[in-house]
Amino acid sequence: MSSYSSSARFDEARRVAIFGGTHGNEMSGVTLVNLWVKNGSEIQRKMVDTKPFITNPRAVEKCTRYVDTDLNRAFTPENLSALGEGDLPYEVQRAQEINRIFGPKGSPEAYDVIFDLHNTTSNMGCTLILESSKDYFNLQMMNYIKKAIDPASCLVLLNEHPLLKYSTSRSVAKHPVGLEVGPQPQGVLRSNIFEAMRVILKHALDFIELFNEGVEFPTCTVEVFRVLERIDYPRDANGNIIAMVHPNLQDGDWEPLNPGDPMFLTFDGKTLHYQGSGTIYPTFINEAAYYEKQQAFVTTRRETLVASAIRKA
Amino acid sequence: MSVLISLYLEQSNSGTNRTTYVMECVSLPPLSNFAICGGTHGNELTGVYILREMQKHNVEKVGSVSITTVLSNPRAVDACRRYTDRDLNRCFTDDLLSSPITESTPYELRRAQELNAHLGPKGSEEAVDLLCDMHNTTSNMGLCIIFNSADWLILHICKYLQSKITSMPVRALQMDLPLSEAFSVDSLGKHGFSFEIGPQPHGVLRADVFNTMKEAVDLTIEWLQQFNSGRTFEGGEVEAYTRWKTVHYPRDPTTDEITAAIHPQLQDNDFKLLQPGDPIFLSLSGETVKHEGDALYPVFVNECAYYEQKIAYHLTQKSTLTLPSINVKKD
């Protein structure tokens, strides 16, 4: 039982943004945000200003992931302070503009919450992406969402790895929330994936409304999958891929991968096995966009995080 | 085509009385050269990697068959995009192949004419005997063998593959355009067809899809060798999906934007008979649109590349095609 004095206090989440089209060919977010820009009644909540926003309109127009550089890696301090205006890559200019509107990143003026909507070709189902294990507000939100959609599942991926963590568009906000739903091919809109994303956002906004009304959320535990390392495809001396994700691993996101399990299959039929020291939980298995980022999948380990009770300040 | 008489009856599955004609064996010239193309769409990765492996292993001749491997659209492959200026696989009509090349000619039109010179010319005696083009689709279509006109050779290859491949369903799709209007790269060969395997997202290489494509290519080469060495392939029947009708997405009348997604009950149900009243679209605001008209077979349901033309799927009829036995014509 928690008392008021032991709840962590957070400011009301007054300003909330929903980003779609950070990758222009991830269609659920593009479609939802376009829908809500036209008619935002579904996303309105008492005392919350929710802004739907297409982050990369040029990429959306061309139905491509990005035009010059990946927007979802572009929010580095260097980029955000770079000079050069029109000479900068399109996405760097966009990052600066987004930082002006929704940030500045790291400042008290920054938006309270940003939901960034993504799709993946991997069989990840609904995944919430967390950037800090200490963000109790986000952890409580994720706990709320998971309970609300039960028995449907929504897993939490924690990317706090100092080297593998990246500067996302949502990182401009005080509480960044990534929403990744798959499998869906790039450029395709699948009805079930679209609806799943829509439902998760509904619950997320409900949580924010309840929080702003003064509801106290008691301490909770949240199971997360913590990113450990990135595993690339085996390549030859020229950098060409020489094996594919093994059929046993393909589509096996979140299933345990044990040392000795099949991992890759060469083009002439030879199996390469996972050589790690212990069981890991792979995810982002065979994501189309990651071929160029040298990533066949990432490894994670299961952890239980504790979130303190929270209440609005 | 041999002098021996061959008779066949093309029939639909609508329950009309069937009369079977006895078909004489047809003798056809040997097939000595086989061209295999990949990367016609640069982000359909299976064909790209199959070619890479064949080229790595210097596959040039298998028994009596000379094999040419061709990366159709190298620029699109490098960029991992469907095309750079325009869809290469729509550039092979007679008109486009004979259009003059200027400085402003799109890359793919030039490339089509290059490929025509290399593998064709389309419709001529110099054209490659058999051309196979490898594709992927985001639709749940299994392995499809797509061809323009139903010639015996291709139908026999279909029959052979259907009897051997068990990893996924194998189906025959017939386009049936006049040769001058045939627009795909496989129309360059004297005989031509495409392998289309899905579902696979564009830009992704799945091992199961790769293995099936490899098996299909290997079996085709095996068939060619057996044919050339004198084996008679027994006649029979092949079901083919024909007479394509295009269905577009519902759109906003002012902005032309798509306003609905493929309905969950149609999604992934390619080749499942669509009856009047079955749901086809679910609008973004939650309304269901239903199929009206004849019961037909949907194909290419929710193919990514078709959004550009706002095409949701095609509807086809199922036909049973009867084949004679065939063997190679002996000198």
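Chains as they are written, first to last, in this note's numbering: chain Z, 233 to 545; chain H, 60 to 390.
Using N, Cα and C, we set each Cβ at its ideal position, and we do this for glycine too.
Computed from a predicted model, the values in this text were never measured in an experiment.
- At a cut-off of 8 Å between C-beta atoms, H/I321 counts as an interface residue with respect to chain Z.
- Legend: CB atoms of the stretch 167 to 198 of chain H lying less than 7 Å from CB atoms of chain Z belong to residues T197.
- For H/W211, there is no enclosing beta strand (DSSP E); the residue is part of the alpha helix (DSSP H) that begins and ends at 211 to 223.
- Here Z/G261 really is in contact with Z/H350; their C-beta atoms are around 6 Å apart, less than 8 Å.
- In the three-state reduction of the DSSP assignment, Z/F307 falls in the coil class.
- Identification of residues in the stretch 106 to 124 of chain H having a C-beta nearer than 8 Å to some C-beta of chain Z yields Y108, R111, E112, given in sequence order.
- A direct Cα-Cα distance of roughly 17 Å separates Z/H255 from Z/N518.
- Taking a C-beta distance under 8 Å as the contact criterion, H/S131 and H/G182 do not qualify as a contact pair.
- Here the alpha carbon of H/A319 sits roughly 26 Å from the alpha carbon of Z/A521.
- Residue environment analysis places Z/D485 among the buried positions, since at least 16 neighbouring C-beta atoms fall within 10 angstroms of its C-beta.
- The continuous beta strand (DSSP E) containing H/G257 extends over residues 250 to 257.
- For Z/V420, the closest alpha carbon among the candidates Z/D243, Z/E258, Z/R241 is that of Z/E258.
- Under the 8 Å criterion on CB atoms, H/G262 is classed as interfacial with respect to chain Z.
- The stretch 422 to 438 of chain Z makes no contact with the stretch 522 to 534 of chain Z: fewer than 3 CB pairs, one atom from each, lie closer than 8 Å.
- Annotation for H/K389: no beta strand (DSSP E) segment contains it, and DSSP assigns it neither H nor E.
- In the DSSP annotation of this structure, the continuous segment of the beta strand (DSSP E) that includes Z/E535 starts and ends at 529 to 539.
- According to the DSSP secondary-structure assignment, Z/V280 is paired through a beta bridge with Z/R277.
- Distances from the CA of Z/N288 to each of Z/N375, Z/V345, Z/G252 were compared; the closest alpha carbon is that of Z/G252.
- Spatial neighbours of H/T196 in its own chain (CB-CB distance under 6 Å, excluding positions within 5 residues in sequence) are listed in chain order as E255, G257, E362.
- Counting along the chain, no beta strand (DSSP E) covers H/H177; the unbroken alpha helix (DSSP H) around it starts and ends at 166 to 178.
- In its chain, beyond the 5 residues on either side, A327, Q328, N331, K337 have a beta carbon closer than 7 Å to the beta carbon of Z/L312.
- DSSP, reduced to helix, strand and coil, places Z/K544 within a strand of the structure shown.
- Between the alpha carbons of Z/A539 and Z/V404 lies a gap of roughly 22 Å.
- DSSP places H/I321 in the uninterrupted beta strand (DSSP E) bounded by 319 to 321.
- For the stretch 422 to 451 of chain Z, the set of positions with a beta-carbon nearer than 7 Å to some beta-carbon of chain H reads R422, S423, N424, F426 in chain order.
- Following the DSSP letters along the chain, one finds Z/M495 inside the beta strand (DSSP E) bounded by residues 494 to 498.
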